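Participant: Pasting a structure below so you can have a look.
Number of protein chains: 2
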Amino acid sequence: MIRNAKRAPAASLHQRILSDLEHRIVSGQWPPGHRLPFEVDLAESYKVSRMTVNKVLTQMAGAGLIERRRKLGSFVAQPQAQSAILEIHDIETEVRSLNLAYDYRLLEQAKRMASADDIANFGLARKAGVLASRSLHLAGGVPFCLEDRLINLAVVPQAADADFSQTPPGTWLTRQVPWSTAEHTIRAIAADPALARALSIPKHAPCLVVQRRTWNGEGPVTFARFSYPADKHVVVARFTPASST
Amino acid sequence: MIRNAKRAPAASLHQRILSDLEHRIVSGQWPPGHRLPFEVDLAESYKVSRMTVNKVLTQMAGAGLIERRRKLGSFVAQPQAQSAILEIHDIETEVRSLNLAYDYRLLEQAKRMASADDIANFGLARKAGVLASRSLHLAGGVPFCLEDRLINLAVVPQAADADFSQTPPGTWLTRQVPWSTAEHTIRAIAADPALARALSIPKHAPCLVVQRRTWNGEGPVTFARFSYPADKHVVVARFTPASST
DNA sequence: GAGTGGTCTAGACCACTCG
DNA sequence: GAGTGGTCTAGACCACTCG
C-alpha cells in the first residue's frame, strides 16, 4: 500500500523510508493520531526486512514524531512542545564568527567560601569552596559580554591553581571537564549600575542574560552568567522534525 | 578489556552498553580524541553481536559524543558547541503550569499584503497576502505576553476565514499545520511606547522577545513574535550528552 | 590490499497489552 | 490467546580510506 516513495534519493534504504514517512506526517497526509502501518506491513511494502523498518520507527519515536504502543501500533504524535536545538558556542568563537577582533580581560579572581547567593544560584552543598571570577569579553574593542563564574573546588580542585588572566575560565574548564550536563536559562534584565559600568552602557539598559549550570557525575561543576548588551547578542535555535539529516 | 560495566542496571543490552561508554567519556576516563575499541572488539568484550554495538555507537555519533571514521575507528569528539534542547510550549500551557488563570484577547486581525517589513522578517515572497494579528495573553489577569503574528495565506489559505477572537492563532495553526520546521531567536529589547502600553509596563522597560519563523514543504507558514515583560518569562534549555534516557 | 564502519537480512524469542 | 513492538543474533556484502 505504501508506494510513491518519491522523496529525495537517499543513500540507504532506511534513510529513504525515513524521509518518506516523515513527509507523510509533515505534509499532514497522516495527521496527529493517525495509525501507521504495522512494522511487518511496512517491511512488506518497502520490500525490506523488519529490522530496517524498526530502525526507522525507533528513530522517529526518539525524535517525538510518533508514539509506539505494543499491540496497538505506531501513531503520529500530537505536537506538544516545539522542541528546538540550541547551540551554545564559545564566546571567542562567536565573536570571531562575527568577523570582529576578540579580546578578553580578567577583572577578578578569588577563592572563597560559597555565599548564600552562590548556594541558591548554583545548587551547591553548604559551605563549599568556590573559585569566583568575573571577566569581560570584548568584540572589536567594545564590551561584548560580562561573565560571572563560580567553579566548585570540591569537584574541580585543580581550579584552585588556575590562572584566568590569559585563558578564559570557560576555555580552561572545557579542557579539564570536557563533557557534562547543563541547564541554561535565558532572560532579559535591566542593567544594574555595576553591570552598566562594566559593559559601558546606560543604567537600566536592557541586557540578555544567559545562565548555565553544569553538573558532573560528581556534582555541580560550574555556574556561569553571561550578560550581553541587548543589541550585541541573539540566541538562535533551530528545529527540524525527526532531527538528523 | 572492557569490564566493570557497573552502571545503573538498564533494561536492554544496548542501553547498558550505552551508559557504560557514556560514563567513560563523561567522566574523562576517555578524553576527547581517545579512540574507542573497534566494533568487533567491543562486541567481543560485551559478549554481544556486532549489530548491538553498532546500534549504540551509531546513536552516540548522532548525539555528537563520538566521531566515526572508516578504517580509523571511533573517537571521542571534541565538545564544540554545547547543544541544548529548548522546549517551547504553548503559552496557555505555560501560564497554567504557573498555576495562574489564563486569559486571551484579540487586539487586531486583518488581511493585507505583506509590507516591506513583513517580507524582511518573514522571508516571504514579494506581494504575498498575509493575515496579520496582534493579541494579548494574560496570566492572573495581568498582561503576560504580546503576540504579533503573520500567517502566509499562500500556504494556509483557510486562515483567511479563521476567527481568532476565541482561539489564539497559534492554537488554531497547530491544528491546521501540525508539523513544520522552525527557527527561534531570543533577544532582549527596551519596550517601545506601543509595546509598553500593551503590556502595561513603563516605557523602555526590558522585555524578552522570542521570534519564531515556521516553514513547511510549501513555504513559509507563519512568523510570530512573543514579547514578554522581563520579569514574566525565562527560557530554559537542558542538555544531556547522548540525548535520550 | 586490508581493515574499518555502514548497512541489511532472516530469523528468533520475548514482553507487553489488548480483548 | 493473539498480535504488536523491543530486542538480539550471526552472518553477509559493501564503501571507504588508509598505507
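Same order as they appear, the protein sequences are chains A and B. So for the first sequence, the working numbering puts the first residue at 1; every next one is plus one. So for the second sequence, the working numbering puts the first residue at 1001; every next one is plus one. By construction, the Cβ of each residue, glycine as well, lies at the ideal position given by its N, Cα and C atoms. Quick caveat: nothing in here was measured; it's all calculated off a predicted structure.
1) Flag this pair as touching only if the region 1192 to 1205 of chain B and the region 1108 to 1125 of chain B have three or more C-beta atom pairs under 8 Å; answer yes or no.
2) Under a three-way DSSP split, which group does B:His1089 fall into?
3) On a CA-only basis, which of A:Arg225, A:Trp30, A:Glu218, A:Lys232 is nearest A:Ala125? Give me that one, please.
4) Take the Cβ of A:Met60 as the centre, count every other Cβ of all protein chains shown within 10 Å, and call the residue buried at 16 or more, exposed below.
5) Which residue or residues does DSSP assign as beta-bridge partners of B:Arg1112?
6) What would DSSP say about A:Ile25, mapped onto helix, strand or coil?
7) Would B:Pro1031 pass as an interface residue toward chain A - the criterion being a Cβ-Cβ separation below 8 Å?
8) Which class does A:Arg204 belong to by DSSP, given the choice of helix, strand or coil?
9) Which partner residues of B:Thr1214 appear in the DSSP bridge assignment?
10) Which value, in whole angstroms, describes the spacing of the CA atoms of A:Glu96 and A:Tyr102?
11) What residues in its chain sit with their C-beta under 6 Å from that of B:Val1209, if we drop five residues either side in the sequence?
12) Rounded to whole angstroms, what's the CA-CA distance from B:His1023 to B:Pro1157? Just pull it up for me.
13) Pull up the distance between the alpha-carbon of A:Ala230 and that of A:Ala205, whole angstroms please.
14) Could you name the residues of chain A that B:Phe1239 contacts, counting a contact when the two beta carbons are closer than 7 Å?
15) Closer than 8 Å, Cβ to any Cβ of chain A: which residues of the region 1032 to 1058 of chain B, in chain order?
16) Hey, B:Ala1043 and B:Gly1064: beta-carbon distance below 8 Å or not?
17) Is B:Arg1225 close to chain A? Criterion is C-beta to C-beta, closer than 8 Å.
18) Between which two residues does the alpha helix (DSSP H) containing B:Val1156 stretch?
19) Hey, out of A:Asp90, A:Gln166, A:Pro79, whose CA is closest to B:Ser1180's CA?
20) When you compare the CB positions of A:Ser45 and A:Pro37, do they come within less than 8 Å of one another, or not?
21) Identify the continuous beta strand (DSSP E) that holds B:Ala1237 and give its terminal residues.
22) Could you tell me whether the region 1068 to 1076 of chain B touches the region 1018 to 1033 of chain B, using the rule of 3 or more Cβ pairs below 8 Å?
23) How is the beta strand (DSSP E) around A:Arg68 delimited, first residue to last?
24) Once you ignore the five residues that flank A:Arg213 on each side, which residues in its own chain have a CB closer than 6 Å to its CB?
25) I'd like the list of long-range same chain contacts for B:Ala1154, defined as Cβ closer than 6 Å, with 5 residues on each side in sequence excluded.
26) With a threshold of 6 Å on Cβ separation, who are the neighbours of A:Ala198 within its own chain once the five nearest residues in sequence on each side are excluded?
27) Once DSSP output is grouped into helix, strand and coil, what is the label at B:Asp1192?
28) Roughly how many whole angstroms lie between the Cα atoms of A:Leu57 and B:Val1236?
29) Considering Cα atoms alone, identify which of A:Val142, A:Lys47, A:Arg35 is closest to A:Ile17.
30) Please list, in chain order, the residues of the region 73 to 91 of chain A that have any C-beta partner in chain B closer than 7 Å.
31) On a Cα-Cα basis, can you pick out the residue from B:Ile1091, B:Asn1121, B:Leu1100, B:Val1221 that is closest to B:Thr1171?
32) Have a look at A:Arg70, A:Leu98, A:Asn99, A:Ala11 and flag the residue whose alpha-carbon is nearest the alpha-carbon of A:Glu39.
33) Return the chain-ordered list of same chain residues with a C-beta closer than 7 Å to the C-beta of A:Pro202, the five sequence neighbours on each side being excluded.
34) Give the DSSP bridge partners of B:Val1209, in chain order.
Facilitator: If we stick to the structure as given:
1) no
2) coil
3) A:Glu218
4) buried
5) B:Val1130
6) helix
7) yes
8) Reading off the sequence, residue 204 of chain A comes out as His, not Arg. If DSSP states are grouped into helix, strand and coil, A:His204 belongs with coil.
9) B:Ala1182, B:Thr1222
10) Sequence check: residue 96 of chain A is Arg here, not Glu. Taking the straight line joining both Cα atoms gives about 6 Å.
11) Arg1187, Ile1189, Ser1227
12) 51 Å
13) 8 Å
14) Thr181, Ala182
15) Pro1032
16) no
17) no
18) No alpha helix (DSSP H) holds B:Val1156; DSSP gives it neither H nor E.
19) A:Pro79
20) yes
21) 1235 to 1239
22) yes
23) 66 to 69
24) Glu183, Phe223
25) Ala1128
26) Leu146
27) coil
28) 29 Å
29) A:Lys47
30) Pro79, Ala81, Gln82, Ser83, Ala84, Ile85, Leu86, Glu87, Ile88, His89
31) B:Ile1091
32) A:Arg70
33) Ala196
34) B:Arg1187, B:Ser1227
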